[in-house]
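Student:
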Amino acid sequence: MSTFETIPESTSQTSAEHLAERLSKSITAAAEADRREGWNRPPVFLPESENGVLEVAMGPHHPSTHGVFRMDVSVDGERVIRLKPVFGYLHRNHEKIAEGTAYLASMPYTDRLDYFCSLTNNWAYALAVEKLAGIQVPERAEYIRVILAELTRIQNHAAAVGFLLQDMGASGTPLMYAFREREKILDLFEQLTGSRMMCNYMRFGGCRVDVTDAWLDRARRLVAGMPQFVDEFEALLTTNEILMVRCQGIGALKPDLAVNAGVTGPMLRATGVNYDLRKVDHYGIYDRFKFRIPLGDHGDVYDRYMVRILEIREAVHILEQALKEIPAGPIMDPKTKLRGFRPKPGEAYGRIEAPKGELGFYLISDGGSNPYRYRVRPPSMINLTVLEDMCLGHNVADVVVILGSVDIVLGEVDR
Amino acid sequence: MLGEGILKGLAQTAKNFAGSYVSEERLTTVQYPEERLPVAEASRVFPFLVFDGSEWLGGMRCVACQICEKECPPKCIYIEKSKDKKPDYVGKQQFYPVRFDIDISVCMSCQICVEVCPFEAIKMDTAFELATDDRFGGLLLDRQQLAKSNEYYHSIHPTEASEVDARLDEEKVKAEAKAKAAAPAAAAKPPAPAGGKD
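Keeping their order, the protein sequence lines are chains W and A. Numbering-wise, the numbering used here puts 291 at position 291 of the first sequence, and it's gapless, one number per residue. Take any residue in the second sequence, note its place counting from 1, add 1000, and you have its number in the numbering used here.
1. Would L295/W pass as a contact of R313/W if the rule is Cβ separation under 9 Å?
2. In angstroms with no decimal places, state the Cα-to-Cα distance between Q1144/A and A1064/A.
3. Between which two residues does the alpha helix (DSSP H) harbouring L268/W extend?
4. Mind checking the segment 84 to 110 of chain W against chain A and listing, in chain order, the residues whose C-beta falls within less than 8 Å of any C-beta there?
5. Name, please, each residue of chain W whose Cβ falls closer than 7 Å to the Cβ of E1069/A.
6. What residue does the alpha helix (DSSP H) around P227/W start on, and which one ends it?
7. To the nearest angstrom, report how far apart S106/W and P1074/A are at their CA atoms.
8. Quick check for students: name the residue ranges of the alpha helix (DSSP H) that lie wholly in the segment 345 to 387 of chain W, counting only runs of 4 or more.
9. Can you check which of these residues, S369/W, E347/W and V245/W, is closest to Y362/W by C-alpha distance?
10. Which bits of chain A does Q248/W rub up against, with CB to CB less than 8 Å?
11. Taking C-beta to C-beta, are T1126/A and H1154/A nearer than 9 Å?
12. Just tell me which of S369/W, L359/W, A33/W and I97/W has its CA closest to the CA of R342/W.
13. Under 6 Å Cβ to Cβ from Q166/W, same chain only, skipping five residues before and after it: list those, please.
14. Give the interface partners of K1008/A over in chain C, defined as CB-CB distance under 7 Å, in chain order.
15. First and last residue of the alpha helix (DSSP H) that includes F179/W?
16. So with Cβ pairs under 9 Å, would you call R1167/A a contact of chain W?
17. Let me know the secondary structure DSSP gives A105/W once reduced to three states.
18. Just verifying my parser: in three-state terms, what is the DSSP assignment at Y977/A?
19. At a CB-CB cut-off below 7 Å, which residues of chain W make contact with G1005/A?
20. Which stretch, first to last residue, makes up the beta strand (DSSP E) that contains E55/W?
21. Select from E55/W, I326/W, F289/W and M244/W the residue whose C-alpha is nearest the C-alpha of Y466/W.
22. Could you round the C-beta distance between Y201/W and N122/W to whole angstroms and report it? I think they count as a contact, below 8 Å.
23. Is R92/W near the ligand ATP, judged by its Cβ being under 8 Å from some heavy atom?
24. Could you check whether the Cβ of Y177/W sits closer than 9 Å to any Cβ belonging to chain A?
25. Between which two residues does the alpha helix (DSSP H) harbouring I1112/A extend?
26. Quick check on N1150/A - is its C-beta less than 9 Å from some C-beta in chain W?
27. Considering only their Cβ atoms, is the gap separating M198/W from S1109/A smaller than 9 Å?
28. Within 9 Å (strictly less), CB to CB, does V1116/A reach chain W?
29. Given a cut-off of 9 Å on the beta-carbon distance, is the pair I144/W and V211/W in contact?
30. Mind checking who P85/W pairs with in its DSSP beta bridge?
31. Roughly how many angstroms lie between the CA atoms of V406/W and E1025/A, to the nearest whole one?
32. Whole angstroms are fine: how far does the CA of V209/W sit from the CA of K279/W?
33. For the structure I just gave you, are there three or more beta carbon pairs, one from the segment 248 to 266 of chain W and one from the segment 373 to 388 of chain W, closer than 8 Å?
34. Skipping 5 residues on each side, what residues in its chain have a beta carbon closer than 7 Å to that of C117/W?
35. At the 9 Å Cβ level, is G194/W part of the contact set with chain A, yes or no?
36. Strictly by DSSP, which residues pair up with P1087/A?
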């Protein structure tokens, strides 16, 4: 607490009073700034405290924020009494760039939104454009999309859980186990798409290259070994007492608040709301597969962890079915041109269940070669909006865990 | 019992630690750069220009149609078209690039230039150790640095290169047959270009 040391000795005030005065000034200034910027926040209530209230800027270079993300936290001792997420440090003008370039040229940029799950981003964008232009996707391409999306889900959830444990202080081991499995999936991606993370694979009306039988065999072997990994991972973590103490009852989210805030994905399902776009929206060919939606009970960090682990298991089931049933046939709609693609004027919203939640692309076409309006509905940014509600009353150390359990990727939050 | 879960977890860690000495499955790391994994065939890093034969400028497939320049998402390609023409692989007179620069500090390896190229002239390289201490000049590749032979293309992407060669041979045969058919009728008029007009 270097703040105390900087207070000159000669002042008549005690250090706590001095701090409280400084704090009230900064709160007033922050409230004024909020008003100027058009934020309509409720007035900040600061309880009297003998320790004084301290404002801490966690981030933007804090290692636990998973990127450049800042949380302005007001703490009373160790207790969080106010938290304001500040993002935009990684803003790359994605939407405006997409409005200025051809439809196809935005596809590699979507890889860079949520760089952990580039294939689901590709799919959501392709789905929006296919809705806009009325393109039919061949059956084999649909199967490839499902296979790749579920592989993406497995590697994202494994990495998310690994990072969550890393934030809790389990330095290395669970994360490295998760990354060991993730690397196998990324190798599959590289063999098919040419790139480990920036896959740029889906095209409007299909996929870019066909999968070979050798690739499918390799994928089958990987999927067959996946339950063993999840068992090992769970033996390492699920009943670990330290993890249970750190996670259970921390960052609980009420279902009604989650629904009102538009939270989606594993975070919403951890609160017990049964909402999965794969079941609700019937996009792609998910109707053909048998799988269950894991639901939580309390909406706390532990439930989010459990929902992710169970989703990996369900993704394995989907993959087993898809890899068995994949038909032969074309992978591209023959009528769709690669260049000079101009959909008719109209608008479309394509959304999928990305590993982090509902990822949607909203497009308006005016008949030109580039979209008139291009908007991304990023799941991790909207899931972040309830961060303050989840953190209030918890310790600073829990803020890190709660943020880790939201599973954000700043490339998607800031775009 | 309190601590049981921790002990169970530690047993897993011990299993993995001991297993890393005996099992390939558990020891997945590689001591780069002494030890290297094979590069995947589909792997892509930055684009290069394919030329046929032994002479890079004479055999260059690129006809400076500038489609890749236009379609490139981050606009990292710069092309200047030639004033004169040279014969291409079917013997037709074509323009060639007097300047073809790719700024690989901007390029994002998306492969869209490869997909839109109608002449099979630009392909993706797999060389990834491209670190340089020259921030601007070292990362701006000109046409000579970009030019790689068809043999090199075959060595990095064998399946894809064979498909491309088969396609080009087919086109060549077709063009020759067409030229033969057209020769007695209108010897003076060259056949219409195959594509690439925008």
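The beta carbon of each residue, even a glycine, is placed where N, CA and C say it ideally should be. The model shown is predicted, which means the values in this text are computed figures rather than measured ones.
Tutor: According to the structure shown:
1. no
2. 15 Å
3. P266 to A270
4. T101, A102, L104, A105, S106, M107, P108 and Y109
5. None at all; the shortest Cβ gap to chain W is about 12 Å.
6. D213 to L237
7. 10 Å
8. 379 to 384
9. E347/W
10. By Cβ distance, chain A contributes nothing, its closest Cβ being about 13 Å from Q248/W, past 8 Å.
11. no
12. Per the C-alpha coordinates, the member of S369/W, L359/W, A33/W and I97/W positioned closest to R342/W is S369/W.
13. Listed in chain order, the non-local C-beta contacts of Q166/W below 6 Å within the same chain comprise L175, local neighbours out to five positions each way being set aside.
14. Absent from the structure: chain C. Protein chains present are W and A.
15. Start and end: T173 to T193.
16. no
17. coil
18. Since the displayed chain A opens at 1001 and closes at 1198, residue 977/A lies outside it and no answer follows.
19. T239, N240 and E241
20. V53 to M58
21. Beyond the ends of chain W as shown, which are 1 and 415, falls residue 466/W; an answer cannot be given.
22. 6 Å
23. In terms of ligand content, the structure shown is empty, and the ligand ATP therefore cannot be addressed.
24. So, interface residue.
25. I1112 to V1116
26. no
27. yes
28. yes
29. yes
30. M71/W
31. 31 Å
32. 28 Å
33. At 8 Å Cβ cutoff, the stretches touch.
34. Counting only Cβ-Cβ distances below 7 Å, and skipping sequence neighbours, we find T152, N156, A354 and P355.
35. yes
36. Q1093/A
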